[in-house]
Amino acid sequence: MSQNRQIRDVVFVDGVRTPFGRAGDKGIYASTRADDLVVKCIRELMRLNPRLPAGRIDEVAIAATTQTGDQGLTIGRTAALLAGLPASVPGFAIDRMCAGAMTAVTTTASGIGFGSYDVVLAGGVEHMGHHPMGAGADPNPRFMSERIVDPAALNMGNTAENLHDRFPAITKDRTDAYAVASQAKFAAASANGRIQPDLVPVATMKPGQGWTVNTVDEPPRPGTTLKDLAGLSTPFRAHGRVTAGNAAGLNDGATVALLASSDAAAELGLPVKMRLVQFAYAGVDPEVMGIGPVPATEKALKLAGLGIEDIGLIEINEAFAVQVLSFLDHFGIADDDARVNRYGGAIAVGHPLASSGVRLMTQLARQFEEDPSVRFGLTTMCIGLGMGATVIWENPHWTPTVSPPGSPTEDEGSAA
Amino acid sequence: MSARDFQQLTDLFPDEVVTHSHVQDIALPGVDGAPGAGTFALITLDNGLDHRRPSTLGPNTLVELGTVLQAQRERAARGEIAGVGVTGKPFFLAAGADLSAVKELKDKEAGRAMARLGHDVYSTLNDLGVPSFVFINGMALGGGLEIALNANYRTVSTGAGALALPEAFLGLVPGWGGVYLLPRLIGPANAVKVMLENALSNNRTLSGPEAFKLGMADALFEPADFVEQSLNWAARVLAGAESVSRPNAVDEPLSGENSAAWDAAVDHAKAFVEAKTSNAAPAPAKVIDLLEKGRNFSKAESFEAEEDALAELMMTPQFRDTVYAFLDLVQKRGKRPAGAPDATLARPVTKVGVVGAGLMAGQFALLFARQLKVPVVLTDIDAARVDKGVGYVHGEVDKLLAKGRISPDAANRTKSLVTGSVTKDAFADADFVIEAVFEELEVKKQVFAEVEAVVSPECILATNTSSLSVTAMAEGLEHPERLVGFHFFNPVALMPLLEIVRAPKTGDAVLATAFATARALRKTAVLVKDAPAFVVNRVLLRLMGEVFRAFDEGTDAHTADNALRPLGLPMTPFTLLAMVGLPVAQHVTESMHAAFGDRIAVSANLQALIDAGKKGLWEKAEDGSRHIPADTLALLSFGTTPSTGEELLAKTQDALAEEVGLMLAEGVVAGPEDIDLCMILGAGWPMHLGGITPYLDRVGASERVNGRRFHTA
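Chains A and B, in that order, give the protein sequences.
Position one of the first sequence corresponds to residue 20 (my numbering), numbered consecutively onward.
Position one of the second sequence corresponds to residue 3 (my numbering), numbered consecutively onward.
Below, the structure written as structure tokens:
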């Protein structure tokens, strides 16, 4: 029996996403199927990478939190078939709630590393208009009777308020300021053409309106001010701190990434945007799920033999501003540190649960390309029921002699 | 177009299901890294109903589209838009003019207004000041496809089906520019194929890839992101980054080569239409006429001629009778058979028995196995016959496999479903047993008695008899309620009609199962009372009887056989006779004669031909002409009272009116509509006759013979 097992390098070749929409009857995808959103992404990736023969794809892993209806029927397989990939290309569905797409990436990347795959597609989708959070879930009564999980922790907004309780230093003023900055950074990135290139146009037809083509994200509210946010209600707690303004909204969207072994990428002439360094998942108390990225990142850094000071760019999912700030406080990073979410984050662009992980990666990949001073970056996110996920990437464009833009000295730049 | 000009027309259709023209402004994507080139106005045609209701084009729809297009022209003049596109709701561009509406147009002027409205609206597509595009996303028939033809550029989806110009079939011409634009776009020969050959060949349609290949569209995209890719392509065309090649297009003025091709296409069209329709219907000739003259027409001249043609044809009985035959009968009545019992009474059919293993039995076995996908057992008196019957089915399956019509797995499945037995014990667990044995009452009764001894009390017994009494066949059965007539037409796989014969004792559940089985076999079933020769054969035999009687009386063969050409039947009576087989025709005639007396003549000449082993009257000479060989003539004796063709035509019309009148009086079927449906689907009679009864009304035969029309005028 031959055992040709050797760890192989995994590279991120490309990633795209649909424009994100606001969930609900008025959203751009109200009458569009979730699986169709995935299909648009897969087809765009195939068009963008014409040197990749479709038959070389070894797996299609697509995440969705709610795996019923238009997100059911083993969506990785159905999306592959609907996208016109050959019947020989297998696929599966995957779920880790908000980190679905990220888990699709790390799971298939593991398969590449193990030598089982050469080329994979990994992504996620969430149509929160069709599948409201928690719809159809049937939590075990033991959660409550045995106090395994506070039922309130199944509501993500409550866990965000809990995080404020745990970290009194994170005030509403700070989260609102962070949110305003997120909107501003996203608007600037859009204006500079940093967002658009990774979006797939999606034609939709709404009753009584005819076909249109969606090419931009619907959720962002550019020009948001602190004053705008001050008056918003705190739906999770009377006189609380978490508002619609300092949290990601409810959204629809899909993402798909193309990963390969570095050998396969070289063989097929596929470009390399990022190299996978390491990843880790960690659990925390479900009541403060937002702190999950902290232990996940510590673990990933340790596995990689790196310190936070080695990380030049951080793409952290902004489920809630408070959860981002708890991460930054832990690592001693300023709220407005230039390494963090340069293009803004989910507070502006939205967070269609299981799709967001690949959005973090496509944005990190673009930042890698524009900033060769950076060698390592990470993508991280918190996950419902108390988890965190972190993936560390290396920049193939890294050039040691280049200084980070706008950083006066090397010492000041890494004030960890 | 001014909406006010067409007010009179739109007012005629207050209840039109309007297909709306929704406009969306779309930012054109950048091309090759350049910024986007402005705004594209995309119009979606949408009747607001689901996929079961295709968008159609009525006067109100066209006025709305015209108004929207004019608004885009004004926007283009102001520099607000760079291009205009039209597409449809999912699965449909537009299914063409609303036929039931057009049928209601009562005068020629209204018809002309409808024709002009289409031209006025569609012409705008070529006169917007910016390029126009049509994205053919799905079904595009007639006026629906002509929207695309009038635009500057077209894309088509690989998933689009049902692309066609069926006007010639319906009794019209592609007169919203189609007959002018199509030959110029895809060449005259291809245009003849689309407008005439396809239209007159059971209304054949094109798929997206086929249409693309002919040159009807400039680009082909897959359905998954058809709108996005079409828009992207449009952006590239507008940016000059995409060059459009139309190798089949014919430029004006015509080159000598194209001129010759045009003449050849017209000649071919004439020969095709003559062969297919005997020129009995006016529409195909009009199409050819417009094509022929249109060669030298300007667009405006063609549009004028198209309007004349449409206004005239819309008022013809052939058009109205076609709409009746196509929409009211084939599309509607055929799907909801009159008099069929409650479908919920039907019982499942999980195994089928076929008594006999001859050619007919083999055809049954193949059909049942392929469509019902249940085990089918053939029985016969010895192993050699059984093996031959099963072998025939397996051979037919292999032919289908070789042609790529079925997959290897489906071939294996079908073959394994068909088995043979020399004993009827194999029917023990069958739910449906059909006989295909010799056409003799005692033989069939004997067979059913043997079957009944084996099968369950509920098992349905079906007879394919064409001439025997199902009632008589049920006598002596232990369970006479289980017997039903199940009369197929030859060739069984192709002919869409099934006459389901109810004998007095036939049970409702049995009948319901027969209808459910017919539907599962993808046949159109018509409920028929047990009466000699049922419907199709009775009408055909009466017709052939009249022609043969005239022949026997001394009418020369050419006159007799061509007298009915004005009906445009699929074949002449003598050709039909040879196809049916002389002995079979005589057998059915005799049983009808026994039932109806001298109204149905049994020809001694025909018997003489049968006795001499002749297969038919005509023999084809090497030059294609037909004659009756001398040795055949020598067998025949003739009277001295020949008829002219006109006389024979009138006699036949009267005979048919009489026979149909009698059938309705006897209650053979629920109404004249069923007779028409039977003749269209069972005998291939043309839709422009409306089957037959509208024609008999039209020529006055109904009133001459029965004193009244079959249909109210």
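For each residue, glycine too, the CB sits at the ideal point set by N, CA and C.
Practice task
Return the chain-ordered list of same chain residues with a C-beta closer than 6 angstroms to the C-beta of proline 572/B, the five sequence neighbours on each side being excluded.
Solution key: In the same chain as proline 572/B, and ignoring 5 residues on each side of it, the C-beta atoms closer than 6 angstroms to its own belong to Gly686, in chain order.
Handout entry: Below-8 angstroms beta-carbon distance, arginine 62/A vs any chain B residue
Key = Yes, because at least one Cβ of chain B sits closer than 8 angstroms to the Cβ of arginine 62/A.
Exercise for the section: Check the DSSP bridge columns for aspartate 271/A and list the partner residues they point to. Expected result: Its beta-bridge partners are Gly40/A and His146/A.
Practice task
Pull up the distance between the alpha-carbon of glycine 85/B and that of glutamate 237/A, whole angstroms please.
Solution key: Cα atoms of glycine 85/B and glutamate 237/A: separation of roughly 25 angstroms, rounded to the nearest angstrom.
Practice task
Give a yes or no on whether the minimum CB-CB distance between glutamate 230/B and chain A is below 8 angstroms.
Solution key: With 8 angstroms as the cut-off, glutamate 230/B counts as an interface residue toward chain A.
Problem - Closer than 8 angstroms to chain B by CB, valine 79/A - result: Cβ-Cβ to chain B under 8 angstroms: no for valine 79/A.
Handout entry: Short-range partners of chain A found in the segment 210-226 of chain B, where Cβ spacing is below 7 angstroms
Key = If you check each beta-carbon in the segment 210-226 of chain B against every beta-carbon of chain A, the ones closer than 7 angstroms belong to Glu224 and Ala226.
Exercise for the section: Report yes or no: do three or more beta-carbon pairs, one from the segment 143-151 of chain A and one from the segment 29-49 of chain A, lie closer than 8 angstroms? Expected result: Yes, the segment 143-151 of chain A is in contact with the segment 29-49 of chain A.
Practice task
Rounded to whole angstroms, what's the CA-CA distance from alanine 367/B to glutamate 314/B? Just pull it up for me.
Solution key: So the alpha carbons of these two residues sit roughly 49 angstroms apart.
Exercise for the section: For proline 226/A, go through chain B and note every residue whose CB falls closer than 9 angstroms to its CB, in chain order. Expected result: The answer, in chain order, is Asp48 and Gly50.
Exercise for the section: Would you be able to state if there are at least three C-beta pairs under 8 angstroms between the segment 334-344 of chain A and the segment 8-23 of chain B? Expected result: With the cut-off at 8 angstroms, the segment 8-23 of chain B and the segment 334-344 of chain A do not touch.
Handout entry: Beta-carbon proximity of alanine 311/B to lysine 334/B, cut-off 8 angstroms
Key = Using a Cβ distance threshold of 8 angstroms, alanine 311/B and lysine 334/B do not count as a contacting pair.
Practice task
Using the Cα positions of aspartate 253/B and leucine 216/B, report the straight-line distance between them to the nearest angstrom.
Solution key: Approximately 16 angstroms, taken between the alpha carbons.
Exercise for the section: Excluding the 5 residues preceding and the 5 following lysine 278/B in the sequence, name in chain order all residues of the same chain whose CB lies nearer than 7 angstroms to its CB. Expected result: A distance below 7 angstroms between beta-carbons, with the five flanking residues on each side excluded, links lysine 278/B to the following residues of its chain, in chain order: Leu202.
Exercise for the section: Could you say which of Ile408/B, Leu485/B, Gly140/B and Ser261/B lies nearest to lysine 507/B if we only look at CA atoms? Expected result: From the listed residues Ile408/B, Leu485/B, Gly140/B and Ser261/B, the smallest Cα separation to lysine 507/B is found for Leu485/B.
Problem - Positions along the segment 90-101 of chain A whose CB lies within less than 8 angstroms of some CB in chain B - result: Residues passing the 8 angstroms Cβ filter: Leu101.
Practice task
Using alpha carbons as the reference points, say which of Ile138/B, Asp656/B and Thr642/B lies closest to glycine 702/B.
Solution key: Checking every option, the nearest Cα to that of glycine 702/B belongs to Asp656/B.
Practice task
Pull out every residue of the segment 45-76 of chain A whose Cβ sits closer than 7 angstroms to any Cβ of chain B, in chain order.
Solution key: Listed in sequence order: Val58, Lys59 and Arg62.
Practice task
Report the option in Phe135/B, Val132/B and Gly179/B whose CA atom is closest to the CA atom of glycine 144/B.
Solution key: The candidate whose alpha carbon is nearest that of glycine 144/B is Gly179/B.
Exercise for the section: Using 10 angstroms around the beta-carbon of glutamine 297/A, count the other beta-carbons present and answer buried if the total reaches 16, otherwise exposed. Expected result: By the neighbour-count criterion, in which a residue is buried when 16 or more other Cβ atoms sit within 10 angstroms of its Cβ, glutamine 297/A is buried.
Exercise for the section: List the residues of chain B whose Cβ lies closer than 8 angstroms to the Cβ of threonine 234/A, in chain order. Expected result: Contact note: threonine 234/A reaches chain B through Ala29 and Pro31, using a C-beta cutoff of 8 angstroms and chain order.
Problem - Cβ neighbour criterion (16 or more within 10 Å) applied to proline 674/B - result: By the beta-carbon neighbour count (other beta carbons within 10 angstroms, threshold 16), proline 674/B is buried.
Problem - Cut-off 8 angstroms between Cβ atoms - residues of its own chain near leucine 67/A, not counting five sequence neighbours on either side - result: In the same chain as leucine 67/A, and ignoring 5 residues on each side of it, the C-beta atoms closer than 8 angstroms to its own belong to Asp33 and Val35, in chain order.
Practice task
For lysine 108/B, count neighbouring C-beta atoms within 10 Å of its own C-beta (all shown protein chains included) and say buried if the count is 16 or more, exposed if not.
Solution key: Lysine 108/B comes out exposed.
Practice task
Closer than 9 angstroms, Cβ to Cβ, to anything on chain A: give me those residues from the segment 322-355 of chain B, in chain order.
Solution key: Correct list: empty, as no residue qualifies.
Handout entry: Which listed residue (Val57/A, Asn211/A and Lys292/A) has its alpha carbon closest to that of proline 415/A
Key = It is Lys292/A whose Cα lies nearest to the Cα of proline 415/A.
Practice task
Please list the partners that glutamine 72/B has in chain A, where partner means a Cβ-to-Cβ separation under 9 angstroms.
Solution key: Per Cβ cutoff of 9 angstroms: no residues; glutamine 72/B is ~17 angstroms from chain A at best.
Problem - Per-residue contacts from proline 92/B into chain A (C-beta, under 8 angstroms) - result: Counting only Cβ-Cβ distances below 8 angstroms, proline 92/B has contacts in chain A at Met224, in chain order.
Handout entry: Enclosing beta strand (DSSP E) for tyrosine 155/B [first to last residue]
Key = Unbroken beta strand (DSSP E) run through tyrosine 155/B: 155-159.
Practice task
Kindly list, in the order they appear in chain B, the residues whose Cβ is closer than 7 angstroms to that of glycine 272/A.
Solution key: Contacts between glycine 272/A and chain B, judged by CB atoms closer than 7 angstroms, are missing: the closest CB pair is about 16 angstroms apart.
Handout entry: methionine 581/B, buried or exposed, once every other Cβ within 10 Å from all chains shown has been counted against 16
Key = That one is exposed.
Exercise for the section: Whole angstroms is fine: what's the gap from alanine 276/A's alpha carbon to glutamate 78/A's? Expected result: Cα to Cα, alanine 276/A sits roughly 12 angstroms from glutamate 78/A.
Problem - Beta-carbon neighbours of isoleucine 45/B, restricted to chain A and to distances below 8 angstroms - result: By Cβ distance, chain A contributes Gly229.
Exercise for the section: Compare the C-beta of histidine 589/B against all C-beta atoms of chain A and say whether one is closer than 8 angstroms. Expected result: So, not an interface residue.
Problem - Straight-line Cα distance separating glycine 692/B from asparagine 708/B - result: Distance between the alpha carbons of asparagine 708/B and glycine 692/B: 19 angstroms.
Handout entry: Contact with chain A by threonine 89/B, beta-carbon distance below 8 angstroms
Key = Chain A contact via Cβ: present.
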